[in-house]
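In this note's numbering, the protein residues as written are 192 to 258.
Each remark here refers to the structure printed beneath this line.
In structure tokens, the structure reads:
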């Protein structure tokens with residue numbers, strides 16, 4: 192029987208929401224093993240001078256615990 196755990200992450204990118212998700216997952220894999228998926232809960236942008244300067248995501252990442 193597998194047991195899964197969920198952690199919440201916030202990640203940001205100067206390029207796009209997709210890049211923010213990718214960076215968050217890539218960073219999480221450095222300390223968390225067996226990541227199975229992620230659910231993006233929120234998306235936000237930072238605006239400076241009428242331009243979007245940062246894309247941010249809050250996501251829940253699911254991973255399976257080892258036996």
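No residue lacks a Cβ here, since even glycine has one placed at the ideal position from N, Cα and C.
Item                                                                     : Value
Span separating the alpha-carbon of residue 227 from that of residue 201 : 17 Å
Separation of residue 257 from residue 196, as counted between CA atoms  : 11 Å
Delimiting residues of the alpha helix (DSSP H) encompassing residue 223 : From DSSP, residue 223 is part of no alpha helix (DSSP H); its letter is neither H nor E.
Residue interval of the beta strand (DSSP E) (run including residue 260) : Here the chain comprises residues numbered 192 to 258, so residue 260 is not present and cannot be evaluated.
Minimum C-alpha distance to residue 209 - residue among 220, 241 and 230 : 230
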